[in-house]
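Count along the sequence shown from 1, then add 5; that gives the number in my numbering. All C-beta atoms in this analysis are idealised placements derived from N, C-alpha and C, irrespective of residue type, glycine included. The next block holds one structure in the form of structure tokens; read it before the comments.
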Amino acid sequence: MTPSHKRNKILAIFFLGFVVFTSRESILLGVGNFLIAGDELQRADLIHVLGGDVERIDYGITLYQQDYGGKILFTGGRVEIPLADVTYSHLAREYAQARGIPPESILPFESKATSTFEEVLELHHVLASDTSLQTLLIVSSPFHLRRARWIFEKALPPRVQLRFVPVPFARSRHKQRWWTAELSLQAVVNEYLKIPFYFLKY
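Below is the structure:
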């Protein structure tokens, strides 16, 4: 290698490093935004709130109150509360009623799901028992939606129209600049680990 070629190689490496360094925030945002596979809001027959953070319940209730859904479904299995045997779905239903949601608008489904895959199986059962439910909003945390979208679209019948709705960052414990907050960092890393696992298993 001639001195000029060596110098050019060093300059190219330096330039590439400079570009990566100056663009690092855009790159990191892109890594997080890929997981936020959301859709434009439209009214649906059913709002399905996935188990997890309370912010999901709150946002699902808000969507119902804004007339984005005719009915609302909560899933999520047993919650670890000392001396109590209660499910996330049960607590969510009670909370929604306390927030003014009419009981007849909340599907009385007792969930046992402990994973996103089990939640989609439960939803499949609900849809099989009520064929009038044709359009759905799936509500979850921002970084969870890519994996949720993949498994829901794979497992549910084609007759069902799905739209995926992330809890807005302004109402979420998660941060769009995910690398600056431990909770969000863990969520993004976990999703990138779980997505290939789901792809291989299901």
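Contact under 9 Å by Cβ, residue i with residue j
{"i": "R182", "j": "L34", "result": "yes"}
{"i": "L112", "j": "L161", "result": "no"}
{"i": "D50", "j": "Q191", "result": "no"}
{"i": "S134", "j": "V170", "result": "no"}
{"i": "L141", "j": "R168", "result": "yes"}
{"i": "V125", "j": "F174", "result": "no"}
{"i": "T80", "j": "Y93", "result": "yes"}
{"i": "L150", "j": "I41", "result": "yes"}
Alpha-carbon spacing of residue i relative to residue j, whole angstroms
{"i": "L96", "j": "Q102", "result": "10 Å"}
{"i": "G37", "j": "F148", "result": "7 Å"}
{"i": "G65", "j": "V194", "result": "25 Å"}
{"i": "I143", "j": "G74", "result": "11 Å"}
{"i": "E30", "j": "I52", "result": "34 Å"}
{"i": "A44", "j": "R152", "result": "Before going on, a small fix: residue 44 reads as Asp here, not Ala. So the two alpha carbons sit approximately 14 Å from each other."}
{"i": "K199", "j": "V84", "result": "22 Å"}
{"i": "I106", "j": "V54", "result": "14 Å"}
{"i": "I32", "j": "Y197", "result": "15 Å"}
{"i": "Q70", "j": "P201", "result": "36 Å"}
Local conformation of residue i per DSSP, three classes
{"i": "G57", "result": "coil"}
{"i": "Q166", "result": "strand"}
{"i": "P201", "result": "helix"}
{"i": "Q71", "result": "coil"}
{"i": "F19", "result": "Caution applies to F19, whose pLDDT of 48 falls short of 50 and renders its modelled position unreliable; the value that the coordinates give is listed next. Here F19 sits in helix by DSSP."}
Cross-strand partners of residue i (DSSP beta bridge)
{"i": "P171", "result": "S145"}
{"i": "Q181", "result": "DSSP, once it has assigned bridges, lists no residue as partnering Q181."}
{"i": "L51", "result": "K76, L141"}
{"i": "V91", "result": "V84"}
{"i": "I32", "result": "Note: I32 sits in no beta bridge, so no partner."}
{"i": "I111", "result": "I77"}
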